[in-house]
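Under the numbering used here, read the sequence shown as residues 104 to 257, first letter to last.
Data first, discussion second: the structure below is written as C-alpha cells.
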Amino acid sequence: MSMRIRPFQMKRKGTTAVEMAVVLVVFIMMFMGVLEYGLYFFTFHVANNAVREGARYAVVRTGNGTTTQQVITFVQDKMAGQQARFGSTFNVAVENADPATGEDIPNTVWQDSQFGGAIRVRITGSYRPIMPVLFFLPTTFSVETASVMGSEGN
104 MSMRIRPFQM KRKGTTAVEM AVVLVVFIMM FMGVLEYGLY FFTFHVANNA VREGARYAVV
164 RTGNGTTTQQ VITFVQDKMA GQQARFGSTF NVAVENADPA TGEDIPNTVW QDSQFGGAIR
224 VRITGSYRPI MPVLFFLPTT FSVETASVMG SEGN
C-alpha cells in the first residue's frame, strides 16, 4: 500500500472576486477620469469656438446699432447649452481692445472701435466637474478664453 502525501494547500475560494473588486475600482476611477477630461476638453473647445464666432459677429457690426447684449446672446447661442457646465459664474465680455496687445482699452466700448482697431470677446467662468471627488480634484476649475479680431466697421 502506497501512501500519498499531498502538499499543504490553503483554501483560496473567493480570492479572484476580491482581486477583481480591487482592480475594478481602480479601472473605473481611471475610466471616469478620462471621461471627465474629455468633457472638460470638449467644453473648453466649444467656449473657444463661441468667442471666435462672437468676435466675428462683433467686428462687422460696430456701426449699425448692434448692442453688447446682442453679441452676448449670439455667443451664448454658440455655446449650445454648454454654459451650464460653468454654473452662475459664466460671463461674456465684449471689449474694445488694443490691436498691439489685445488688452482692453479702459473707458471705451467695443462699438467705438474704428477700422483697423480690435475687438475682444472673452468668456470667463468656473468649470464644475461631474465627479469632483475623483482623484481628489477641486470642485471647480477657472476657465478663461478670448478672441481678438480686427474691426471692419465704421
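Every residue gets a Cβ at the ideal spot worked out from N, C-alpha and C, and that includes glycine.
Over what stretch of residues does the beta strand (DSSP E) that includes residue i continue unbroken?
i: Glu247; result: Phe244 to Gly253
i: Ile222; result: Ala221 to Tyr230
i: Val197; result: Asn194 to Ala200
Are the beta-carbon atoms belonging to residue i and residue j less than 8 Å from one another?
i: Ser254; j: Val224; result: no
i: Gln185; j: Thr146; result: yes
i: Asn199; j: Val178; result: no
i: Val197; j: Ile175; result: yes
i: Gly256; j: Phe218; result: yes
Sorted by chain position, which residues of the same chain lie with C-beta nearer than 7 Å to residue i's C-beta, five sequence neighbours on each side aside?
i: Glu122; result: none
i: Gln173; result: none
i: Met234; result: Met135 and Glu139
i: Asp263; result: There is simply no residue 263 to check, as the chain begins at 104 and stops at 257 in what is shown.
i: Tyr230; result: Tyr143, Thr146, Arg188, Phe189, Thr243, Phe244 and Val246
Here's the rule: buried if 16 or more other CB atoms are within 10 angstroms of the residue's CB, otherwise exposed. What is residue i?
i: Ser245; result: exposed
i: Glu247; result: exposed
i: Pro241; result: exposed
Could you tell me the boundaries of the alpha helix (DSSP H) in which residue i lies?
i: Ile208; result: From DSSP, Ile208 is part of no alpha helix (DSSP H); its letter is neither H nor E.
i: Lys181; result: Thr171 to Lys181
i: Thr119; result: Thr118 to Val162
So, for residue i: in the same chain, excluding its five sequence neighbours on each side, which residues have a beta-carbon less than 6 Å away from its beta-carbon?
i: Asn151; result: Thr248
Tell me whether residue i, by its Cβ, gets closer than 7 Å to a heavy atom of the ligand SAH.
i: Phe130; result: As presented, the structure is devoid of all ligands, the ligand SAH included, so that no description of it is given.
For chain D, is any of its Cβ atoms less than 8 Å away from the one on residue i?
i: Gly190; result: Absence of chain D from the displayed structure is noted, only one protein chain being present.
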